[in-house]
Amino acid sequence: MRVAVPVFPGSNCDHDALHACGTVMGWDTIPVWHRDTRLPENTDLVFIPGGFSYGDYLRCGAIAALAPIMADVKRHADQGGLVMGVCNGFQILCEAQLLPGALLRNESLRFIHAEVYLRVERADLPFTRAMKAGEVFRVPMAHAEGNFTLEPADLADLEARGGVALRYCSARGEIGADHVPNGAMNGIAGIVNLKGNVLGMMPHPERAVDPKLGPTGGMGMFRSLEAAFSKV
Amino acid sequence: MKVRVSVQLKPGILDPQGKAVEQGLHGFAFEVEHVRIGRLIEMDIPGTDPAEVKAKAQAMCDKLLVNPVMEKASIEVL
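Protein chains in written order, with this note's numbering: chain X, 3 to 234; chain Z, 266 to 343.
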């Protein structure tokens, strides 16, 4: 399985992604510079890492969405290839219009670094298939702009088509405003596109996979990806 | 021609920055409400026809300057 990790000026979770995919999972993982115009041959998964690409100028992810490598990421996605964006990666996917919506400043105005519980809303995706619907897992979040927002009609569409992959919840899987750390509409932590091959999420599963470094709540997503590829 | 694009959050989109500044102003006992913070972009666009220049600025808004999910813009040709 081959993973490409696009690196933008200001990316700071690229090494977390490289460590999780390369060192922990043992996948063939290749960093790709933002100025490159082609992903490596036979890339299975593009993992867009977190950080502050281009200093978050204009809007988070807005400039990165225009980077030369993104045209090939779009081609990869259009052809059904998997794309996963975490944190700033999610913001970039929204700005690149590979996913709907926008990530606004957290309701509290604060950068929030915390462990959060996520509930699996879609267990039929390549990103979640090793987990069960309703399963709860715990991963860190670390962002100031994760307040997912969409026009009410578009939000209703997203919910109706099962576009919500992950939702913030309590340790027991209860959902509700009390369990949403950043004000995100409907407690949305992660969404998928219509085809189910592009996923964006604010929390960081790639920071919770190595037992040497701490809890491994993010492992379910990586096992899912592995299962998705072993069946190809 | 000199063009000024003012980008504002749409009505109904939470503006925590505006809210914080409003609270700060209240701290100085100013009577103020509905403070909204936006972004002002100034630029020179080649051309002499204001309508044409405005159309170019609008295209820039559509491509990059504005995220229509949360923002709206007004364009002024100076």
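Backbone N, C-alpha and C define an ideal beta-carbon position, used for all residues, glycine too.
Which of helix, strand or coil DSSP assigns to residue i
{"i": "residue 212 (chain X)", "result": "coil"}
{"i": "residue 202 (chain X)", "result": "strand"}
{"i": "residue 94 (chain X)", "result": "helix"}
{"i": "residue 102 (chain X)", "result": "coil"}
{"i": "residue 83 (chain X)", "result": "coil"}
{"i": "residue 112 (chain X)", "result": "coil"}
{"i": "residue 56 (chain X)", "result": "helix"}
{"i": "residue 74 (chain X)", "result": "helix"}
{"i": "residue 274 (chain Z)", "result": "strand"}
{"i": "residue 41 (chain X)", "result": "coil"}
Test: residue i CB closer than 7 Å to a CB of chain Z
{"i": "residue 61 (chain X)", "result": "yes"}
Neighbour flag for residue i against chain X, beta carbons, 7 Å
{"i": "residue 285 (chain Z)", "result": "yes"}
{"i": "residue 276 (chain Z)", "result": "no"}
{"i": "residue 325 (chain Z)", "result": "no"}
{"i": "residue 333 (chain Z)", "result": "no"}
{"i": "residue 281 (chain Z)", "result": "yes"}
Close Cβ partners of residue i (< 8 Å) along its chain, the five nearest in sequence each way excluded
{"i": "residue 309 (chain Z)", "result": "266, 267, 268"}
{"i": "residue 181 (chain X)", "result": "119, 170, 171, 172, 189"}
Cβ neighbours of residue i in the same chain (closer than 7 Å, five flanking residues each side left out)
{"i": "residue 67 (chain X)", "result": "94, 97, 98"}
Other residues of its chain near residue i: CB distance less than 6 Å, five sequence neighbours each side excluded
{"i": "residue 100 (chain X)", "result": "79, 200"}
**Report entry** Stretch-stretch touch, CB-based, cutoff 8 Å, three pairs: the stretch 182 to 196 of chain X with the stretch 149 to 168 of chain X
**Finding:** yes
Query - Near-chain Z residues of the stretch 94 to 110 of chain X - C-beta to any C-beta below 9 Å - result: 96, 97, 102, 103, 104, 106, 107, 108, 109, 110
Query raised in the report: Per the contact definition of three or more C-beta pairs closer than 8 Å, is the stretch 295 to 310 of chain Z in contact with the stretch 130 to 144 of chain X?
Result: no
Query raised in the report: If you pair each beta-carbon of the stretch 17 to 28 of chain X with each one of the stretch 93 to 113 of chain X, do three or more pairs fall below 8 Å?
Result: no
Query raised in the report: Can at least three beta-carbon pairs, one atom from the stretch 58 to 78 of chain X and one from the stretch 320 to 331 of chain Z, be found at a separation below 8 Å?
Result: yes
Query raised in the report: Closer than 8 Å, Cβ to any Cβ of chain Z: which residues of the stretch 134 to 154 of chain X, in chain order?
Result: 149, 151, 152, 153
Query raised in the report: Can we say the stretch 224 to 231 of chain X touches the stretch 311 to 321 of chain Z, given the rule of at least three CB pairs closer than 8 Å?
Result: no
Report task. Using a Cβ-Cβ cut-off of less than 7 Å, list which residues of the stretch 291 to 312 of chain Z approach chain X; keep chain order. Result -> none
Query raised in the report: Listed from N- to C-terminal order along the chain, which residues in the stretch 49 to 82 of chain X have their beta-carbon within a distance smaller than 8 Å of any beta-carbon of chain Z?
Result: 60, 61, 64, 68
Requested in this report: Report yes or no: do three or more beta-carbon pairs, one from the stretch 202 to 219 of chain X and one from the stretch 9 to 24 of chain X, lie closer than 8 Å?
Outcome: yes
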